[in-house]
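Protein chains: 8
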Amino acid sequence: MDQDQLRALFEQVRSGETAVDAAMTRMRHMPFEDLGFAKIDHHRALRHGMPEVIFAKGKAPEQVVAIAERLLENFQNVLITRAGRECADVVLERLPCGEYFPLSGVIRFWRDRTVRGKGKIAVVCAGTSDMFVAEEAQLTAEVMGNQVDTINDIGVAGIHRLMHNRERLTEARVIVVCAGMEGALPSAIGGMVSCPVIAVPTSVGYGASFHGLAALLGMLNSCASNVTVVNIDNGFGAGYVASLINRL
Amino acid sequence: MDQDQLRALFEQVRSGETAVDAAMTRMRHMPFEDLGFAKIDHHRALRHGMPEVIFAKGKAPEQVVAIAERLLENFQNVLITRAGRECADVVLERLPCGEYFPLSGVIRFWRDRTVRGKGKIAVVCAGTSDMFVAEEAQLTAEVMGNQVDTINDIGVAGIHRLMHNRERLTEARVIVVCAGMEGALPSAIGGMVSCPVIAVPTSVGYGASFHGLAALLGMLNSCASNVTVVNIDNGFGAGYVASLINRL
Amino acid sequence: MDQDQLRALFEQVRSGETAVDAAMTRMRHMPFEDLGFAKIDHHRALRHGMPEVIFAKGKAPEQVVAIAERLLENFQNVLITRAGRECADVVLERLPCGEYFPLSGVIRFWRDRTVRGKGKIAVVCAGTSDMFVAEEAQLTAEVMGNQVDTINDIGVAGIHRLMHNRERLTEARVIVVCAGMEGALPSAIGGMVSCPVIAVPTSVGYGASFHGLAALLGMLNSCASNVTVVNIDNGFGAGYVASLINRL
Amino acid sequence: MDQDQLRALFEQVRSGETAVDAAMTRMRHMPFEDLGFAKIDHHRALRHGMPEVIFAKGKAPEQVVAIAERLLENFQNVLITRAGRECADVVLERLPCGEYFPLSGVIRFWRDRTVRGKGKIAVVCAGTSDMFVAEEAQLTAEVMGNQVDTINDIGVAGIHRLMHNRERLTEARVIVVCAGMEGALPSAIGGMVSCPVIAVPTSVGYGASFHGLAALLGMLNSCASNVTVVNIDNGFGAGYVASLINRL
Amino acid sequence: MDQDQLRALFEQVRSGETAVDAAMTRMRHMPFEDLGFAKIDHHRALRHGMPEVIFAKGKAPEQVVAIAERLLENFQNVLITRAGRECADVVLERLPCGEYFPLSGVIRFWRDRTVRGKGKIAVVCAGTSDMFVAEEAQLTAEVMGNQVDTINDIGVAGIHRLMHNRERLTEARVIVVCAGMEGALPSAIGGMVSCPVIAVPTSVGYGASFHGLAALLGMLNSCASNVTVVNIDNGFGAGYVASLINRL
Amino acid sequence: MDQDQLRALFEQVRSGETAVDAAMTRMRHMPFEDLGFAKIDHHRALRHGMPEVIFAKGKAPEQVVAIAERLLENFQNVLITRAGRECADVVLERLPCGEYFPLSGVIRFWRDRTVRGKGKIAVVCAGTSDMFVAEEAQLTAEVMGNQVDTINDIGVAGIHRLMHNRERLTEARVIVVCAGMEGALPSAIGGMVSCPVIAVPTSVGYGASFHGLAALLGMLNSCASNVTVVNIDNGFGAGYVASLINRL
Amino acid sequence: MDQDQLRALFEQVRSGETAVDAAMTRMRHMPFEDLGFAKIDHHRALRHGMPEVIFAKGKAPEQVVAIAERLLENFQNVLITRAGRECADVVLERLPCGEYFPLSGVIRFWRDRTVRGKGKIAVVCAGTSDMFVAEEAQLTAEVMGNQVDTINDIGVAGIHRLMHNRERLTEARVIVVCAGMEGALPSAIGGMVSCPVIAVPTSVGYGASFHGLAALLGMLNSCASNVTVVNIDNGFGAGYVASLINRL
Amino acid sequence: MDQDQLRALFEQVRSGETAVDAAMTRMRHMPFEDLGFAKIDHHRALRHGMPEVIFAKGKAPEQVVAIAERLLENFQNVLITRAGRECADVVLERLPCGEYFPLSGVIRFWRDRTVRGKGKIAVVCAGTSDMFVAEEAQLTAEVMGNQVDTINDIGVAGIHRLMHNRERLTEARVIVVCAGMEGALPSAIGGMVSCPVIAVPTSVGYGASFHGLAALLGMLNSCASNVTVVNIDNGFGAGYVASLINRL
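Chains as they are written, first to last, in numbering that gives the first Met the number 0: chain L, 0 to 247; chain D, 0 to 247; chain F, 0 to 247; chain V, 0 to 247; chain C, 0 to 247; chain X, 0 to 247; chain B, 0 to 247; chain Z, 0 to 247.
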């Protein structure tokens with residue numbers, strides 16, 4: 000669908016030739032626009048009802064700024080993930096309305112703070128070393144309009160800590176659990192609650208953790224039936240799906 | 000919590016000493032009972048509000064029957080997964096109220112057919128070879144009170160088929176996608192819809208599929224943000240989580 | 000050291016030329032004997048103070064019988080592991096003083112039942128499917144003179160069951176924990192007790208469990224400091240080391 | 000075949016003793032020459048009808064210059080791949096007729112710009128992060144005399160973008176598709192076109208992408224029959240084979 | 000596109016309302032039809048200009064027959080791959096016009112024997128054990144209208160055999176090379192010829208061949224630039240792509 | 000259990016309402032305290048009777064100092080592992096009572112030097128390159144109150160060296176063996192002694208050692224029955240378990 | 000080189016036109032012959048001075064017989080490896096001069112028993128389960144004209160057994176060592192002797208032995224410098240290379 | 000065996016009490032000496048008849064110097080491998096009689112240049128990038144008294160180059176072949192010669208070479224029977240074993 004077709008569509012809507020519903024339907028799966036090195040899909044937000052995200056790793060700061068500027072013309076909320084300090088400096092100098100979180104490397108533009116989630120999302124991490132992933136999940140869930148309850152450092156080797164947080168966990172509508180090393184926490188929490196649990200293996204560990212593989216395999220083999228898994232260190236993905244679920 | 004304590008609790012409830020709510024709370028995380036070779040937790044259903052499931056693989060048919068009989072005394076709906084023909088013959092002879100599905104190896108006892116899910120769950124499979132996994136997901140979702148829309152054989156190499164089913168996919172509240180080989184279908188569907196997508200890698204394929212590893216890795220690396228993953232061939236888990244989400 | 004040297008040594012001891020202590024020292028690391036297809040080391044029992052074990056898998060029943068007969072001439076207690084039904088039939092016909100345990104495939108000759116362990120060894124398994132490994136550990140620990148407390152089916156997804164068994168666990172002097180799938184139970188138990196925990200990953204599971212690899216990696220990365228690990232399905236090794244520790 | 004033999008052969012050709020065809024045949028599989036640290040095969044170009052290529056990674060800039068100078072005496076077109084900035088600086092100072100492309104690390108000497116390909120080669124990449132590989136493929140195909148149509152950023156999660164480019168894709172005689180993460184794009188494109196598709200997995204991604212392994216496995220398991228695969232990040236190889244096919 | 004739309008389209012063509020070219024274009028990416036358990040895409044042949052293929056492994060003989068019957072109503076040539084003896088017996092009893100090749104497990108329906116390929120395709124295998132894969136490639140290439148030159152048992156450890164076949168190899172327009180174990184043959188042949196080489200790793204070998212992984216990795220790392228790779232044992236895919244190339 | 004509950008408990012003990020034993024029991028599995036970014040569990044020492052440990056890798060020096068200061072208020076002995084030089088400089092400036100061991104990266108606060116172990120722990124390493132791991136084990140065992148006998152550089156390829164140290168090895172009550180490359184030393188030592196052997200694979204090696212994987216697999220497959228294994232480079236874990244065993 | 004050329008060559012030799020040495024040189028790398036499904040290279044024996052070998056696994060008994068008959072017309076000694084009982088029955092019925100060794104699956108035709116090796120080859124195996132591989136090495140070395148000293152069951156966990164066999168080991172000119180599980184024996188023997196050691200990992204073991212991978216990695220990382228490695232279970236290859244070395 | 004025992008032994012030899020042969024035998028497997036952080040075994044040279052080697056990677060330059068100085072007091076020839084530039088600077092300043100080879104990182108002390116090898120060792124590498132490994136093999140073989148013929152850059156994709164070097168290859172008594180990427184060269188050379196071939200996989204390559212794994216697996220699966228393999232990049236080991244063989 001090129002620009003001409005788009006104009007034609009709007010004219011049809013204006014003239015009443017095409018109903019708004021029909022126009023919405025036609026637009027739902029179609030349009031995007033050329034930015035030179037990357038195609039930006041303004042309709043993804045419409046389609047998913049979600050803010051836009053830029054994965055900064057492997058992109059030059061200037062690329063990130065160019066994409067971010069464009070997006071901010073069309074969207075209230077934009078998230079940049081995996082941004083190093085230098086990238087953040089360049090971005091925030093040009094776009095000072097953002098906020099940088101160095102632990103997770105997220106830059107957040109959070110202009111529309113409407114609450115959309117129906118309940119609370121709990122974001123749990125097993126150890127302090129896993130907090131960089133949990134923060135990415137938390138910031139994502141917040142910018143997507145959710146109330147987030149963050150619980151840190153409750154590993155499976157300290158079951159009494161788990162028990163201590165049972166109330167807060169059972170109050171959540173969906174739970175994101177970040178854990179490295181053996182990745183056992185999602186199973187333990189999954190057994191305590193009735194809601195969906197999204198497990199995020201982290202690359203925390205050494206030796207036979209193989210950069211998160213041990214945790215990933217552990218979570219995929221969870222004996223708790225309410226656990227699904229995302230990629231290693233993918234806090235964004237977990238926060239995103241948790242938000243989708245919490246909107247239902 | 001042993002039998003004596005349980006009786007005492009009920010007497011306290013009867014006498015008014017303990018309120019019903021308090022009794023429910025106390026029971027929520029505690030009791031189970033000894034069956035000899037396996038502890039059956041009657042409260043898991045209460046906790047999760049879900050039917051019970053028996054994983055038959057690696058258990059003798061007699062073990063399966065014994066556990067199933069016990070569960071059916073307490074629960075309306077019971078699911079037995081990964082049951083071979085011989086196991087099914089033994090079980091159904093003793094428990095004729097069940098139904099056997101040889102493709103997926105599921106035996107289903109579906110006595111309470113109340114609809115609990117708020118919307119429709121779509122269960123999609125990429126090829127006819129993946130149907131044994133999709134059927135497990137479908138049977139699980141149905142027994143948990145959901146309306147299921149099954150869509151077979153729409154692989155990523157036939158994009159027009161995907162397009163053809165776009166309507167049905169966008170109508171679902173949550174989608175389970177089963178695919179082997181390269182496991183690309185969840186990404187393609189994830190990009191078309193705004194709801195959560197639960198991806199199930201299947202062991203279908205040969206050579207460098209490494210019994211589902213290729214599909215698993217593909218799904219974990221999905222470029223669509225609304226995709227989470229369960230274990231290879233774990234149709235049950237996908238149907239279970241989809242049901243949890245559809246109840247919200 | 001051949002037979003002549005051995006005779007010479009005993010003559011020296013008899014004549015007083017060599018002290019008994021010195022003779023013991025010389026024998027400690029030396030002698031063995033030729034049986035044709037396998038060298039049997041009678042001194043391993045003396046060295047380790049332990050019964051002998053035959054790994055039956057991959058050996059013909061006749062080979063197993065020949066080795067067993069020879070060992071039983073010199074040792075009170077002998078363990079045959081990984082023996083199938085046919086092997087067991089051949090062995091027990093010729094050596095009816097043994098007992099066969101079909102779940103674990105162990106044949107046990109337990110003639111000296113002296114208790115040598117100082118405390119109790121707990122052998123725990125996460126699910127009923129893991130019992131074939133736990134039984135191997137239990138039978139090994141018993142034949143080595145230990146009191147064994149067996150606890151079945153207390154997985155990490157049912158934390159209240161763990162809590163329920165806390166007393167029994169804290170009473171043990173050393174604990175063997177057998178678990179497949181995500182292998183998280185040793186971490187949870189390790190955090191509850193102060194004694195050494197020997198973790199045995201089992202091959203129970205499917206898909207991304209990769210025949211026990213997921214459980215193995217999980218246990219190696221345990222966040223509990225008191226956990227060590229043995230090979231997948233190696234119940235014998237775990238029972239053996241637990242016995243060594245319990246003798247201290 | 001040493002220099003003397005080569006001279007003798009040309010003299011035979013001059014004198015008519017040997018026909019040109021016969022001389023061509025003799026030369027086809029034989030000669031090379033000693034450069035000290037590397038043997039340069041001037042006949043590879045004749046054999047393949049293709050320019051020469053130097054893989055710069057792991058070579059000192061001086062080595063690269065020495066090989067390049069030698070080759071440029073005999074060949075019109077030379078390609079240096081995987082050259083870092085420092086290497087490029089040294090090379091271009093000595094050989095200023097080249098052009099450096101920092102994204103892909105290619106230095107190109109393109110003196111003979113004859114078009115040899117019969118049709119158009121499409122070079123597609125799934126995301127902007129994959130462009131460093133796509134550029135290597137494009138530069139290779141161009142220097143080998145092909146018209147190249149470059150299409151960036153059309154991932155499988157945005158099917159409408161794929162559809163939008165259908166015309167351009169179906170016009171190509173052979174297509175190179177570069178994708179990281181789940182590597183699903185070649186399957187989707189393969190299903191849309193009837194021409195050969197050469198899939199290049201890229202190392203783009205994190206966590207369970209395992210440096211391109213996930214994409215590689217995905218492509219090898221493609222359900223589209225017209226897909227073949229080259230090594231991770233091997234844009235050169237893909238461009239090379241695409242050129243061979245386009246010359247047919 | 001349902002049946003009504005298809006009829007409408009043909010009526011438009013008949014009436015002259017729609018030109019044949021336009022109708023072809025509309026049909027190119029759209030239609031398919033419901034067969035119950037599998038969607039058959041009659042247009043894939045039109046789209047690729049190729050016969051249909053059924054992957055028999057994991058399908059019941061009755062399923063295979065049902066799909067095959069349907070396809071044979073619409074297509075001249077059909078290929079069934081990975082069919083065991085029992086499957087072949089059932090298929091050929093019902094569809095006696097087919098021919099079964101037990102080495103490769105292919106059932107071929109070859110009714111239209113028009114030659115479409117422009118040159119010759121060479122299908123080479125490294126050892127006699129690799130012939131089951133080479134045969135699948137050969138049968139595929141033949142049914143797609145190509146002249147095939149089969150060369151067996153010329154491994155890389157017998158270079159003189161390679162040299163002996165140099166003529167035949169250089170005469171081919173595209174070469175399929177099947178090799179297990181170290182998978183080195185494609186590199187050696189790739190260096191001898193100027194045409195595209197499609198490498199098929201086979202699962203032939205033992206120990207560290209890891210069911211074809213060694214050969215697969217070897218081929219992906221080929222030092223010859225004209226080599227691309229398909230999945231382990233995927234003779235069909237190699238024959239298919241070779242046919243596409245040979246039609247150019 | 001929050002502060003109020005703790006105070007109440009102590010008041011109950013003071014007043015005689017609760018016996019000391021009962022209070023100990025209640026405290027055993029319960030309390031911890033909030034430090035902001037990490038929960039410190041003061042009772043772990045009581046539970047395990049062991050000093051506290053901080054894993055410094057991936058934590059900022061300031062985080063490490065904050066946790067260390069807090070711990071040192073409550074514990075005599077604290078161990079910081081995997082601390083780089085910069086981290087050590089920051090820590091020791093603020094907490095000069097510690098000692099830094101650059102080879103292993105351990106910072107040790109060893110104020111209570113009571114001997115608690117019943118016998119001697121031997122810490123053996125196969126090569127000088129493995130000493131960084133052995134030192135971590137040694138420092139851990141010492142701070143936990145054990146006499147440690149360190150034996151360096153006795154690899155399996157120099158059996159006479161092993162023999163030479165036989166006496167010292169047989170005198171130990173438990174042995175920690177650190178080895179990289181093929182990781183064979185634990186088997187050889189395990190066969191020489193009757194006590195438990197804790198094997199630590201190290202990441203020492205290159206090529207097919209795969210960062211310690213070869214040693215890890217070797218140790219897990221040890222033919223000596225008295226060997227258990229911990230994670231790659233996990234000297235701390237080995238020293239910790241050895242101490243637990245030596246206290247029995 | 001076809002039959003005509005071969006005849007011409009012999010005629011040239013007969014006539015004195017070509018010297019015998021020159022004819023030998025020309026034949027050295029050239030001829031072979033067509034047998035239909037496999038090319039047999041009669042000159043390999045001349046080239047290597049070795050008997051012929053047929054790898055029976057994956058070949059039909061009839062294929063094996065056909066190749067064997069042909070070879071036995073030209074060669075004194077032929078070895079068939081990996082032959083099952085059924086294959087052996089067919090072969091020996093037709094070629095009764097062979098001998099079958101069921102443990103290793105070797106069929107040996109040993110008609111020329113000339114001793115060619117200069118010294119003794121020791122073939123060692125770590126456990127009785129490894130004997131099937133050691134036997135293949137032994138039979139190969141014998142048929143190639145070597146005196147073989149077989150030493151069974153001297154694992155690394157029984158160092159005194161190793162010491163006991165030191166004399167026999169130091170007398171060998173080259174040693175083949177077969178070991179499964181942790182594969183440590185080659186290192187221990189390598190450190191005791193000064194001759195080349197050829198290590199054969201075997202698939203003996205379970206769990207984390209991963210079908211011989213653990214032993215393979217261990218041997219590749221051997222700390223003894225005189226160790227080289229062949230494929231898992233490749234007794235033939237080890238016996239073959241040992242024979243080449245022993246002929247020097 | 001300590002210094003006192005050694006002195007006593009020599010005195011016994013001097014006095015005639017012990018024959019020289021007997022003294023040699025006693026010394027053969029026993030003595031070593033304490034250097035503090037590493038035990039140096041002066042008798043290894045005597046045992047193997049070979050110079051000493053120090054693996055510098057992971058050792059401080061000072062450690063390397065200390066070991067080297069000590070060794071040079073007792074041995075004529077010493078080899079230091081994997082030494083970086085800084086290490087070499089420190090070593091050569093203190094021990095200027097050495098020579099540094101920066102490509103391979105070897106420092107060589109070659110004072111006794113007696114030729115001990117019976118024939119010539121060929122050291123071949125597939126590409127210029129593999130030369131760093133080939134040089135390590137060459138320097139090792141030379142310092143051990145062998146004549147070495149080095150052949151660079153004859154990959155398997157240029158078979159005519161191989162043919163060109165056939166003479167030189169067949170003249171060698173043993174051949175070391177270093178190759179990265181697909182590692183096919185040892186198979187090709189192994190098929191051309193009758194002598195033992197020692198294959199060294201190198202870490203040269205990218206993507207699916209997985210740091211030398213592809214080459215390693217290729218070589219282990221070689222279809223040439225005269226090939227054995229050492230660890231990735233282990234030029235030293237290959238040169239060492241080649242020297243042992245060439246001395247026979």
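All C-beta atoms in this analysis are idealised placements derived from N, C-alpha and C, irrespective of residue type, glycine included.
Local Cβ density within 10 Å of residue i, reported as buried at 16 or more and exposed below that
{"i": "N73 (chain X)", "result": "exposed"}
{"i": "T113 (chain Z)", "result": "exposed"}
{"i": "D111 (chain L)", "result": "exposed"}
For residue i, the three-state DSSP class (helix, strand or coil)
{"i": "H41 (chain V)", "result": "Confidence at H41 (chain V) is low in this model, with a pLDDT of 44, below 50, so its placement is unreliable and no value can be given for it."}
{"i": "T169 (chain V)", "result": "helix"}
{"i": "E141 (chain F)", "result": "helix"}
{"i": "Y99 (chain V)", "result": "strand"}
{"i": "I158 (chain Z)", "result": "helix"}
Beta-bridge pairing of residue i - partner residues as DSSP gives them
{"i": "A214 (chain L)", "result": "Looking at the DSSP assignment, A214 (chain L) forms no beta bridge with any residue, so it has no partner."}
{"i": "N76 (chain V)", "result": "V:W109"}
{"i": "I53 (chain B)", "result": "B:I79"}
Check: residue i C-beta below 7 angstroms from any heavy atom of the ligand MG
{"i": "M130 (chain X)", "result": "Among the ligands in the structure shown, none appear at all, so the ligand MG cannot be discussed."}
Same chain, Cβ closer than 6 angstroms to residue i, neighbours up to 5 away in sequence not counted
{"i": "V173 (chain D)", "result": "I120, C194, P195, A241, I244, N245"}
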